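Here's the structure we're looking at; comments come further down.
Numbering (full-length UniProt numbering), first residue to last: 1 to 928.
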């Protein structure tokens, strides 16, 4: 602990396959499924132009690399088939035109092959309510099937088709239809089918040229042909901050049963199955896997048999689109469900990680971790990767499989790299696949994106998707350093403090005599060999946090190791003045340390240090340093009342309807949840954050962390109300959300990347949606606003020029009923253009017992409004229509906001937020 200073200071990925030559599909013209991913990765990496003229040589190189790195176990009988396939691929030239792509994943040459997603007009299997059964295997822990629910294994995964054993009756038939169509349309031409989709979408992903794609789009059986595009990835205390232990968990019977029976599917970077957060034997209570869940667990060398259990009930990976582009890196990305990034492990544990897991990082204990629904089950569908992100074709395959397997919730901490083209943002393959998931009863959660704080930056568009923004919770880790000049400077760093004041010494002044001070990066402390231990030992080493740290070329861990090697008492990082506005997360350090994130504060420390030095007049080496300091330490958390707060990076509304930035009458984001400085599980192979390499837990920030909070809470609602539709779950979360921070004031929103706490103002619905999630209230909403698939169909059909697009994606013609977004029975009202007057309706359904309600409202600025009835009694299970009359009282293009409140006599309270963007008052002269 720091005290007032004295005048002196003490001195490879793997697969286990059972392949046969018979199992390898050798006819490209029959559009086979992709062979194992490692195989195509090797082919694409080796497929340089000089090898194309010598197919046998290329095959030899491939097989040599294949077996040298020990990645494959394969029966000898398969080798001949493999060589044949390699030769055929090279001869047909499928690979050579797939190498170059733009940043957004589209192909740069009009003549080169690319991945296209093709949708057929025939309805997918979900429209027939088809759910096949899968034969259960013996549970890896020997638990009887009647007790555990079993764990399906997939010893020889087939990645060319999202169907699996037990689903061939329907899926294989659809796949054969796809193959037949490709043979007929592209007879004698070269192509490669990557996936057959059949559950949510009847279609396939195929590698073809633009000319071939045009041929496919002209067929009467084909509804839509869309180019593939790229996507990207967007706790210990948050259960307490959300009131779960004494609230929502208590309603579910305690943490030992919270979420049980609900399966959450994660489309992310995979999972580390060895992490204790995903173990299934931490409780003596029975833990059955829901029998309706039919997913499987891939078995590979880095994801061996037994990786799945009653907690982690399914795991697969999807990367065919990435492989055809030649960018799949087996050493980083793992051709298995194993998480080589860390992101997927982190998000899965936030939603459904086990309760009471100690968080120990860099030797410090930061409390015990728990997921929001610690007894929910986890199913993993890996479609994103460390080295390149992901592609829509793979994501759609993952979503299709998750829905087919029977998940209850899908969590997507991913967003597209660009706004979808076309007449509306809703019409893109991912959102339309999720539309079908909605129809099958799956609640879908998606991160809003980390592109805030500018308006219309949200990257999750559709009303059937629950979009989540990021807020800070009340826990903070702060650090400080007290200088000998009695000046205190604040900083960051999850590090212990010093027990006394110690002399400061800069790395630049601690060079060995043999070293020259010309290296501008020597002060980053990345190499202890260039520094003089005699000068550093027992002192506080000053290092510079330069641009190389931001770029990941230098690391805090290396600098800390340097300080340890030189027996320093601690380490102090000053901020390079050329780094402007960089937001620094707390970083773990195993010895006393601090990072000063402000260039101005760093200047104060360095001026104090330099003013105290005595130097040799000839060599300019320091003779004595009179500067000393004490580090307070940043391991202990403190708590703030100014929380929650909308983070600057959290993407904002209004929801853009199209690329011309027309406003959709849909509120986005729907809600905000904790997303800043979140402790959660980390993969043993995780490399996303170099500062947490080798750790079991990591602290991360982003809307990626906020979305799984809502996925876990949705699981709790689904457990209590198994009959709830996805819309009912979304309504319960939205109408009960909090409008105030812990201190009772308005929730604030950061408005700038630089100095965000100095640039903030009260949050609006376009910052926070309906507010900050209230987990306990969401389990007892009293009233819900429900909406069905046909309502959304009427909405999509109401978009100008959308009828053929709707037919293409859904296989269904538009009916006579068409509605605007504001007329959907959503738990919010958003009006893009209020032209004088408008009436909208909302229908509430009582799920909380007989109750009398009073209605209040506050009108948006420039709008007068009235809601009728103002009082009503509603019996359990009954419905009540609310009529909302809005009149514009001024001309304005500045958005304004209001709210409708419903207050029951049994303590239920709901809010329906109202947003009006453009207001046009009635002009008498224009009508005469």
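Idealized CB from N, CA, C, for every residue including glycine. Note that the structure is a prediction, hence the values are computed from the model and not measured.
Item, Value
"Cβ-Cβ distance between residue 389 and residue 317 below 8 angstroms", "no"
"The stretch 648-657 contacting the stretch 497-514, beta-carbon criterion three pairs below 8 angstroms", "no"
"Distance between beta carbons of residue 575 and residue 596, contact taken as under 8 angstroms", "6 angstroms"
"Own chain partners of residue 532 with C-beta closer than 6 angstroms, once the 5 adjacent residues on each side are dropped", "510, 512"
"Backbone secondary structure at residue 156 - three-state DSSP", "Note on residue 156: pLDDT 41, under 50, position unreliable in the model; no value is reported."
"Continuous beta strand (DSSP E) stretch holding residue 561: start and end", "Where residue 561 is concerned, there is no enclosing beta strand (DSSP E), although the alpha helix (DSSP H) it sits in stretches over 556-565."
"Residue span of the beta strand (DSSP E) that contains residue 548, given as start and end", "Counting along the chain, residue 548 falls outside any beta strand (DSSP E), though it belongs to the alpha helix (DSSP H) covering 547-550."
"Euclidean distance between Cα positions of residue 858 and residue 491", "42 angstroms"
"Where residue 911 sits in the DSSP three-state scheme", "strand"
"Unbroken alpha helix (DSSP H) run spanning residue 606, endpoints", "599-611"
"Anticipated Cβ contact below 8 angstroms, residue 689 with residue 681, distance rounded", "Their Cβ separation, rounded to whole angstroms, is 13 angstroms, which puts residue 689 and residue 681 out of contact at 8 angstroms."
"Beta strand (DSSP E) segment containing residue 271, residue limits", "From DSSP, residue 271 is part of no beta strand (DSSP E); its letter is neither H nor E."
"Near the ligand GTP: residue 207 beta-carbon under 7 angstroms from a heavy atom", "What this structure holds is no ligand at all, so the ligand GTP is not there to describe."
"Continuous alpha helix (DSSP H) assignments of at least 4 residues falling wholly in the UniProt domain \"Inhibitor I9\" (173-233)", "210-217"
"Within the stretch 351-377, ranges of the beta strand (DSSP E) (whole runs, at least 3 residues)", "357-361, 364-369"
"Spatial distance of residue 793 from residue 809 (CA atoms)", "11 angstroms"
"Residue(s) in a DSSP beta bridge with residue 425", "Paired residues: none, contrary to the question."
"Expected contact under 8 angstroms - CB spacing of residue 763 and residue 787 to nearest Å", "The Cβ separation is near 25 angstroms, so there is no contact."
"Stretch-stretch touch, CB-based, cutoff 8 angstroms, three pairs: the stretch 770-778 with the stretch 723-739", "yes"
"Element boundaries [alpha helix (DSSP H), containing residue 795]", "789-797"
"Nearest-angstrom Cα separation, counted from residue 480 out to residue 589", "14 angstroms"
"The stretch 259-267 / the stretch 459-476 touching (three or more Cβ pairs under 8 angstroms)", "no"
"Separation of residue 194 from residue 566, as counted between CA atoms", "55 angstroms"
"Exposure of residue 752, with buried meaning 16 or more beta-carbon neighbours within 10 Å", "exposed"
"Euclidean distance between Cα positions of residue 831 and residue 453", "22 angstroms"
"Identity of the residue in 259, 322, 283, 191 nearest residue 229 by Cα", "322"
"Start-to-end residues for the beta strand (DSSP E) that takes in residue 718", "Premise fails: residue 718 lies in the alpha helix (DSSP H), 703-720, not in any beta strand (DSSP E)."
"Simplified DSSP state of residue 512, which is helix, strand or coil", "coil"
"Buried/exposed call for residue 930, threshold 16 Cβ in 10 Å", "Since the first residue shown for the chain is 1 and the last is 928, residue 930 is missing from the structure and cannot be characterised."
"Residue closest to residue 498, alpha-carbon to alpha-carbon, out of 694, 118, 281, 633", "633"
"Coarse secondary structure for residue 623, derived from DSSP in three states", "strand"
"Three-pair Cβ contact test at 8 angstroms for the stretch 664-673 versus the stretch 334-354", "no"
"Whether residue 826 touches residue 577 by CB criterion (8 angstroms)", "no"
"Runs of alpha helix (DSSP H) wholly within the stretch 381-458 (minimum 4 residues, chain order)", "392-405, 429-439"
"Neighbourhood of residue 287 by C-beta distance below 8 angstroms, restricted to the same chain and skipping five residues each side", "148, 260, 280, 310, 311, 375"
"Environment of residue 922 [buried if 16+ CB atoms lie within 10 Å]", "exposed"
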